[in-house]
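**Student:**
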Amino acid sequence: AKLQEENTEKINKAIAFLKSLKVDQKDIKTENYNLSPRYEYASCPRNTFGESVSCPPPKIVGYTINQTIAVKIRNFENIGSALSGVVTNGANSVSSLNFQIDDPVKVQNEAREEAIKRAKEKARSIARAGDFRLGRLISIEEGFGGPVPMRFEAKALDVGFGSGGGEEPQIEPGSQETRVSVTLRYEIK
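In terms of the working numbering, the sequence shown opens at residue 1167 and continues consecutively.
(1) Alpha carbons only, please: which of K1192, Y1199, P1223 is nearest the one belonging to Y1205?
(2) Over what stretch of residues does the beta strand (DSSP E) that includes N1198 continue unbroken?
(3) The beta strand (DSSP E) with A1236 in it runs from where to where?
(4) Going by the CB atoms, is the gap between V1273 and V1237 shorter than 8 Å?
(5) Below 8 Å, how does it come out for the stretch 1347-1355 and the stretch 1289-1307: are there three or more Cβ pairs, yes or no?
(6) How big is the Cα-Cα spacing for E1287 and D1268?
(7) To the nearest angstrom, report how far apart S1259 and S1220 are at their CA atoms.
(8) Here's the rule: buried if 16 or more other CB atoms are within 10 angstroms of the residue's CB, otherwise exposed. What is V1252?
(9) Helix, strand or coil for V1171, going by three-state DSSP, please let me know.
(10) Identify whether L1187 lies in helix, strand or coil by the three-state DSSP scheme.
(11) Whole angstroms is fine: what's the gap from I1368's alpha carbon to Q1191's?
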């Protein structure tokens, strides 16, 4: 019970810290909670054939709690503060940092509109260069290359953070691309 109280206190402190960075409740999710025994195994004598003899069963010497929360941070300026702050506020490791597009459908729609606009401009340019006119648009075909997820594994980032007062890690989110290709077919005059 004491271990669970300690864990609850630490995780609540880390979550309160995240909320102080204006992370919404909906963006904090418990993904795992595991309470498991820790065992001590006796050193058993072996007979002349290398087999252990009269060995007592393992003894429970304590328990371990692993609780994992997933956090979505929408303000990239807070990433470094969040990483170092959760460790100084109770968490003992940070891992599996990744970046993703929040609304991929919206981004795909915007990319599609831009692709169609550029394809129309290119068709007009080709028509001028070929000395013909475009007729009506017959068809549009679309090819899609979705967002390329970026993943950064940061296992046990508590090295250097737990002592407090250190610098925040510099995290670079980079960029992601969503590609849409379109083929426009026109009648020509």
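Glycine included, every Cβ here is placed at the ideal spot set by N, Cα and C.
Just so we're clear, the structure is a prediction, and the values are computed from it rather than from any experiment.
**Tutor:** The structure says:
(1) On the sequence shown, residue 1205 is found 39 positions in, with the first residue counted as 1. The shortest C-alpha separation from Y1205 is found at P1223.
(2) Translated into the one-based positions of the sequence shown, residue 1198 becomes position 32. From DSSP, the beta strand (DSSP E) with N1198 extends over 1194-1206.
(3) Counting from one through the sequence shown, the residue named residue 1236 turns up at place 70. From DSSP, the beta strand (DSSP E) with A1236 extends over 1225-1237.
(4) Residue numbering aside, residue 1237 sits at position 71 when the sequence shown is read from its first letter. Residue numbering aside, residue 1273 sits at position 107 when the sequence shown is read from its first letter. Cβ atoms of V1237 and V1273: not closer than 8 Å.
(5) yes
(6) The count along the sequence shown starts at 1 and reaches residue 1287 at position 121. The count along the sequence shown starts at 1 and reaches residue 1268 at position 102. Taking the straight line from one Cα to the other gives about 30 Å.
(7) Here residue 1259 refers to the residue found at position 93 of the sequence shown. Here residue 1220 refers to the residue found at position 54 of the sequence shown. So the two alpha carbons sit approximately 40 Å from each other.
(8) Taking the sequence shown and counting its residues from 1, the one referred to as residue 1252 is at position 86. The residue is buried, with at least 16 neighbouring Cβ atoms inside 10 Å.
(9) Working through the sequence shown from its first residue, we reach residue 1171 at position 5. Note that residue 1171 is Glu in the sequence shown here, rather than Val. Helix.
(10) Counting from one through the sequence shown, the residue named residue 1187 turns up at place 21. Three-state DSSP puts L1187 in coil, outside helix and strand.
(11) Residue numbering for the chain in the displayed model covers 1167 to 1355; residue 1368 lies beyond these limits and cannot be assessed.
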